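Residue numbers (the UniProt record's numbering): 1 to 248.
All C-beta atoms, glycine included, are put in the ideal place defined by N, C-alpha and C.
Predicted model, so just to flag it, every value in this text is computed and none were measured.
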Amino acid sequence: MGAIPASAVVTITEHSVPGRAQGIATGPDGNVRFTQPQDVQIGRITPAGVVTEDEVPAGNSTPVGIAAGADGNLWFTAENLNMIVNMSTTGAVKYFKVPTGGAKPFDITPGPDGNMWFTEYNSHKIGKITAAGAITEYPVPTAGSRPDQITTGPDGRMWFTHFSTNKIGKATTSSFVDEVSETVQLPRTSRRFFDPPDRDQAVEDVDDELGRGAWLRTRLVSRRSAPCAYQVTDAQRWLGPPVSRCLR
Numbered sequence: 001m002g003a004i005p006a007s008a009v010v011t012i013t014e015h016s017v018p019g020r021a022q023g024i025a026t027g028p029d030g031n032v033r034f035t036q037p038q039d040v041q042i043g044r045i046t047p048a049g050v051v052t053e054d055e056v057p058a059g060n061s062t063p064v065g066i067a068a069g070a071d072g073n074l075w076f077t078a079e080n081l082n083m084i085v086n087m088s089t090t091g092a093v094k095y096f097k098v099p100t101g102g103a104k105p106f107d108i109t110p111g112p113d114g115n116m117w118f119t120e121y122n123s124h125k126i127g128k129i130t131a132a133g134a135i136t137e138y139p140v141p142t143a144g145s146r147p148d149q150i151t152t153g154p155d156g157r158m159w160f161t162h163f164s165t166n167k168i169g170k171a172t173t174s175s176f177v178d179e180v181s182e183t184v185q186l187p188r189t190s191r192r193f194f195d196p197p198d199r200d201q202a203v204e205d206v207d208d209e210l211g212r213g214a215w216l217r218t219r220l221v222s223r224r225s226a227p228c229a230y231q232v233t234d235a236q237r238w239l240g241p242p243v244s245r246c247l248r
């Protein structure tokens with residue numbers, strides 16, 4: 001795992017982790033937390049690079065997306081269990097079942113309304129869960145969209161990627177989901193979605209390119225890296241290449 005300072009000179013430091021890392025977020029305790037789907041672990045890495053792991057009690061849960069909530073706890077998706085999980089910084093967990101069976105909850109992020117918002121890859125829906133665990137689901141208008149990554153935009157709406165239909169969707173935090181008003185057709189299938197400090201939304205597609213602003217793209221140096229990037233502090237971004245066992 002590595003940190004990229006937001007400056008002209010970039011120094012990349014790598015920290016080895018025990019398993020394959022995927023989702024990543026800043027935890028409420030000031031450490032970076034990440035998911036390990038194959039090992040069913042939630043990892044923790046301090047700013048100094050010390051790595052520890054918390055095992056998810058329910059076996060075969062496949063934790064994927066992770067984010068810190070307004071309640072001071074971590075929230076992550078348990079793909080195989082079809083659940084959203086709330087975990088305290090001491091490791092206490094609560095499980096909440098997604099109403100739609102086989103929904104495959106994937107990414108999760110805090111919304112401006114104080115709730116957690118998540119994507120349902122298989123059921124083509126966007127979900128909202130309150131701090132008390134009440135879940136509401138909203139169907140995405142485009143059939144077979146497979147919503148994947150989700151983030152809060154500067155307009156206060158929830159923005160998410162359509163993995164299968166080359167679109168970006170948006171959801172108000174009140175009650176409904178709609179498409180981007182000027183149907184944004186991306187050049188290739190979109191995947192990762194993050195919000196860098198300069199507020200330009202960015203998307204990683206499966207062709208290993210990054211899109212910014214008006215979907216101008218910058219090709220990555222290494223096609224094997226395929227980084228999944230997320231802003232975790234104002235000054236740094238953390239990357240987790242899925243083909244390696246390290247975070248950069």
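- Under DSSP, P63 forms a beta bridge with A78.
- Contact between V51 and H15 holds, with the beta-carbon distance rounding to 6 Å and staying under 8 Å.
- Bridge partners of I126 according to DSSP: T119 and Y138.
- By a beta-carbon distance limit of 8 Å, I24 does not contact F76. Their separation comes to about 11 Å.
- If you draw a 10 Å sphere on the C-beta of D148, you find 16 or more other C-beta atoms in it, and that means buried.
- Going by beta carbons, G65 and P28 fall outside the 8 Å limit.
- DSSP lists I24 and G43 as the bridge partner or partners of F34.
- The alpha carbon of P110 has as its nearest neighbour, out of N60, A131 and N31, the alpha carbon of A131.
- Cβ-Cβ distances below 6 Å link T172 to R157 in the same chain, with the five nearest sequence neighbours on each side left out; the list follows chain order.
- Its Cα nearest to that of N60, the residue Q36 stands out among T46, Q36, K167 and T11.
- Around the C-beta of S174, fewer than 16 other C-beta atoms lie within 10 Å, and the residue is accordingly described as exposed.
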